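Notes for the one structure printed next.
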Amino acid sequence: MKKVKVIKIDVDKCNGCRACEMICSAFHAEPKYSSTNPERSRIRVLFDPLKDNYVPVLAGEYTEAECNGRDIYTINGKEYDECSFCRASCPSRKLFKDPDSDLPLKCDMCEEEPPLPEPLCVQWCLSDALTYEEREEEGEEEEKPGELGIGLEVLVKKYGAKTVKDTLDRVSKG
Ligand code: SF4
Ligand code: SF4
Numbered sequence: 219m220k221k222v223k224v225i226k227i228d229v230d231k232c233n234g235c236r237a238c239e240m241i242c243s244a245f246h247a248e249p250k251y252s253s254t255n256p257e258r259s260r261i262r263v264l265f266d267p268l269k270d271n272y273v274p275v276l277a278g279e280y281t282e283a284e285c286n287g288r289d290i291y292t293i294n295g296k297e298y299d300e301c302s303f304c305r306a307s308c309p310s311r312k313l314f315k316d317p318d319s320d321l322p323l324k325c326d327m328c329e330e331e332p333p334l335p336e337p338l339c340v341q342w343c344l345s346d347a348l349t350y351e352e353r354e355e356e357g358e359e360e361e362k363p364g365e366l367g368i369g370l371e372v373l374v375k376k377y378g379a380k381t382v383k384d385t386l387d388r389v390s391k392g
């Protein structure tokens with residue numbers, strides 16, 4: 219059995235306070251909780267002033283390929299931007315990329331030892347727009363590359379394995 223972790227998003231309850239962005243970026247700061255910067259958050263609250271809607275979106279998988287075909291959602295008569303609900307860190311936009319390194323960001327459900335009772339964005343959302351669920355499903359736990367693995371892959375593609383390795387050796391010797 220594998221454990222599936224889900225954050226449910228109720229757009230109607232989101233008031234745009236952005237506490238989720240703050241705590242997520244603080245949790246992932248180096249050192250932890252040393253700074254906040256929404257651009258480093260793995261959850262972003264998108265706001266469309268014309269349509270008066272806040273839409274929290276969690277960072278998903280990194281993809282190298284831009285979509286050639288896109289979707290436009292209309293919900294309750296409001297039309298959403300074609301990338302609004304997309305979780306990908308992709309070449310089309312700045313969203314879900316570290317502002318300094320440009321490396322992809324991905325929600326890791328606040329992995330921590332010992333595990334947190336609930337992801338931090340859920341704990342900090344006082345409007346209950348974010349709620350957390352765990353369930354068991356048939357199948358084996360998959361080993362997916364974490365943010366570090368994805369970041370290294372991007373660097374290797376950009377600069378080549380040798381340059382990345384030489385740089386790591388140099389930096390680690392300090
Ligand atoms: S903390 Fe909750 S209410 Fe505030 S912006 Fe995030 S999702 Fe919306
Ligand atoms: S679950 Fe954790 S890592 Fe994911 S968006 Fe929420 S605070 Fe950030």
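Heads up: the sequence shown begins at 219 in the working numbering, then just goes up one per residue. Just so you know, even glycine gets a beta-carbon here, dropped at the ideal spot from N, CA and C. Every value quoted in this text rests on a predicted model; they were computed, and no experiment measured them.
In terms of DSSP beta bridges, what is residue i paired with?
i, result
"L264", "V273"
"H351", "First, the residue type needs correcting, since residue 351 is Glu and not His in the sequence shown. In the DSSP output, where bridge partners are listed per residue, E351 has V224."
"K315", "P322"
"S293", "According to the sequence provided, residue 293 is Ile. The question's Ser does not apply to it. Paired residue(s): K296."
"S307", "Y280"
How long is the line joining the alpha carbons of residue i and residue j, rounded to whole angstroms?
i, j, result
"T254", "H246", "9 Å"
"K375", "N294", "43 Å"
"K315", "L321", "5 Å"
"L348", "K250", "23 Å"
"L302", "P335", "Strictly speaking, residue 302 in this sequence is Ser, with Leu absent from that position. Between S302 and P335, the C-alpha separation is close to 29 Å."
"R258", "E358", "31 Å"
"A244", "P332", "18 Å"
"S319", "L338", "24 Å"
"F265", "I241", "19 Å"
"Y291", "S390", "48 Å"
"V229", "Y272", "7 Å"
"L373", "P256", "23 Å"
"P317", "G378", "22 Å"
"C232", "C308", "25 Å"
Go ahead and pull the three-state DSSP assignment for residue i.
i, result
"Y280", "strand"
"K376", "helix"
"E239", "helix"
"E359", "coil"
"G369", "helix"
"D230", "helix"
Given a cut-off of 8 Å, decide if residue j and residue i are closer than it, judged by their beta-carbon atoms.
i, j, result
"E300", "D289", "yes"
"L313", "R260", "no"
"S310", "E284", "yes"
At a cut of 8 Å, does the segment 381–390 reach the segment 275–283 through at least three beta carbon pairs?
The answer is no - the segment 275–283 does not touch the segment 381–390, with fewer than three Cβ pairs under 8 Å.
On the three-pair Cβ rule with 8 Å, is the segment 347–364 touching the segment 222–234? Contact holds: three or more Cβ-Cβ distances are below 8 Å.
**the segment 232–249 touching the segment 341–350, judged by at least three CB pairs closer than 8 Å** = yes
* Tell me, please, whether the segment 364–373 touches the segment 323–331 by the rule of three or more beta-carbon pairs shorter than 8 Å. => yes
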